[in-house]
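In the working numbering, the protein residues as written are 312 to 476.
Note that beta-carbon positions come from the ideal geometry of N, C-alpha and C, so glycine has one too.
Notes follow once the structure below has been shown.
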Amino acid sequence: MKPLSADDIRQCIVNASRGEALRMPLPGLHEVIWEQREYLGWRDPRAPLRGYLVHWVGDRPVGIVLRASSGRMSPGIAAMCSLCRTTQPSDQVRLYTAPLAGQAGRDGSTIGAYICADLACSLMIRIMPPPSAVQPDPAAVVTARAEGLLERVRSFTADVAKTAG
Ligand SMILES: [Zn+2]
C-alpha cells in the first residue's frame, strides 16, 4: 500500500469523533514496510481492546475504530479471520465490533467481524505455502490472498462508512 502520514490517518477515521481521532495513538509509521501491507492495523497500547484499521480506496485513505470483544473463544479450536481467511488457533482471532459511522453509531449500532487478534492479516497471508501440485507457485498464492484481503477489507469499511451523515 502507499504510505500513510499521521495526518492522513487522523483525518480519515469514519466512525469516531474528531477528538477521538486526534487523541488516538499511532504506530511507528517509519517502521512500517508499506509494500507488504494491504492495510495498516494496530491495537491501542493504553486501551488494549481498542484497535484501528486504515487502508486506501483509490487515493483516499479510509480508517475505522474497532473494539475487540473481551470474551475469548473456546481454546483448542480453530477459527478463521474473515478478512484474510487464515485459519488459526481460536485465541489468535477476535470478534471485533465497529460502531457505524454517523448517527447510527452514536446510537449504538455496530457491525462485527472475526479478525486476526493483532490486526496483522498482511503478515499472515505472506506465510508462503509449500509448493504443491495444485499450487506450484507460492508467490502467486500470496498475490491472490492479498487481492482477496484488500477486497474484503474494503467491503467491511464500506459497510461501516455507509451510514455517514
Ligand atoms: Zn486476518
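Given a length threshold of 3 residues, each whole run of the beta strand (DSSP E) inside the stretch 366-390 is given here in chain order: 371-379. Contact between Met-384 and Tyr-363 is ruled out by a C-beta separation of about 22 Å, above the 8 Å threshold. The bridge partners DSSP lists for Asp-418 come to none.
Thr-398: member of the beta strand (DSSP E) spanning 398-400, first to last residue. Counting other Cβ atoms within 10 Å of its Cβ, Val-445 stays below 16 and is therefore classed as exposed. With fewer than 16 other Cβ atoms inside 10 Å of its own Cβ, His-341 counts as exposed.
Residue burial annotation: Arg-405 is buried, with at least 16 other C-beta atoms found within 10 angstroms of its C-beta. Counting only the Cα atoms, Pro-338 lies some 23 Å from Ala-412. Exposed is the label assigned to Glu-458, since fewer than 16 other Cβ atoms lie within 10 Å of its Cβ.
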